[in-house]
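Read through the structure below, which is laid out as structure tokens, and then see the notes.
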Amino acid sequence: MKEIKRFQVRGIPDQVNRADFSGRIVDFWAPEGGSDSVLIAHDGQNIFDPRTATHLRQTWRLAQNAIRVAKDNHRKPPLIIAVFHSSNKQDPYGRIKDLSPEDAFRNGIKPSNPIATLDIADLRGNAYLSQIFEEILPSIAQTTGTVASPSNTAMVGSSMGGLATLYAAAKYSEHFQTTLAFSPHWVLAGNPLVEYLIDNLPQHPERKLWMSRGTKGLDASYQPFQELADDLARKNGWHSNFVTKVYHRTGHNERSWSRYVDDALRFWLS
């Protein structure tokens, strides 16, 4: 881990850290003295820093929301690890390559555009998740003095990050037990992808699953796929530890997700 800088964000005590992990940028924040819980977030550009946000300086305000929810539940706030995707001018599809559920496509599921323009060999979802759990998480946990069990560790993502979160829940189930998937981008490959990701989710009494979508813009197209995902989850035994939500009049953007991420955080931390 190579430190890049530290910076302040309104509403967050102390500083947010930015570091380089073998070329991947990660922002992270922990309460003073560390924490007993960890939240790993995809699309790290949009988590803390308005200057790196994709759309109009809009972030998830994830730390501010987590601090408030943790206080309501008489807990310390979690360590928050925000992992940047690798899209840039030289690699405009870097985000898709990072966040795609690679094994699904290697096992024959046919993606739609724009991923159809890529060779499956270019996908790096497995390497991306491996870096998170084998390099980034252990290093930051040690640096911040955080010791968290899998039952106190969650992953959150939206759109492609929602798919990556569901995919990680199957591949790295020993590392985290709460899966928070906002607006999963099911249209990437339709029903076969829904079936693959939901059917591969591990079952355990302490595991928690959250899925949600809006009703405006791109989120409106998710309805039939999310309804299938919900039905499959229930058939597979997800009941009291499963929440699925539809947020009417919300869309596919950080402003919408920031408005209701506290619901998912309460589900996790309660």
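So the number in our numbering is just where the residue sits in the sequence shown, counting from 1, plus 399.
Yeah, the Cβ is synthetic: ideal placement off N, Cα and C, and Gly gets one too.
None of these values were measured; they are calculated from a predicted model.
{"query": "Whose C-alpha, out of 540, 511, 552 and 655, is nearest the C-alpha of residue 614?", "result": "655"}
{"query": "The beta strand (DSSP E) with residue 667 in it runs from where to where?", "result": "Unbroken run through residue 667 is the alpha helix (DSSP H), 653-668; no beta strand (DSSP E)."}
{"query": "If we count Cβ pairs, one from each stretch, closer than 8 angstroms, do we get three or more for the segment 449-456 versus the segment 563-576?", "result": "no"}
{"query": "Mapping the DSSP letters down to three states, classify residue 573 as helix, strand or coil.", "result": "coil"}
{"query": "Over what stretch of residues does the alpha helix (DSSP H) that includes residue 464 continue unbroken?", "result": "461-471"}
{"query": "Buried or exposed for residue 487, going by 16 or more other Cβ atoms inside 10 Å?", "result": "exposed"}
{"query": "Is residue 588 buried or exposed, if buried means 16 or more other CB atoms sit within 10 Å of its CB?", "result": "buried"}
{"query": "Hey, could you find the ends of the beta strand (DSSP E) residue 402 is sitting in?", "result": "401-406"}
{"query": "On the DSSP bridge list, what partners appear for residue 416?", "result": "405 and 427"}
{"query": "Can you tell me the Cα-Cα spacing of residue 500 and residue 470, whole angstroms?", "result": "35 angstroms"}
{"query": "Are there 16 or more other CB atoms within 10 angstroms of the CB of residue 604, so buried, or fewer, so exposed?", "result": "exposed"}
{"query": "In whole angstroms, give me the CA-to-CA distance for residue 421 and residue 575.", "result": "23 angstroms"}
{"query": "For the segment 497-563, which segments carrying the alpha helix (DSSP H) assignment without a break, of at least 4 residues, lie completely within its bounds, in sequence order?", "result": "501-505, 524-530 and 536-543"}
{"query": "When the Cα atoms are used, what is the spatial distance from residue 494 to residue 404?", "result": "23 angstroms"}
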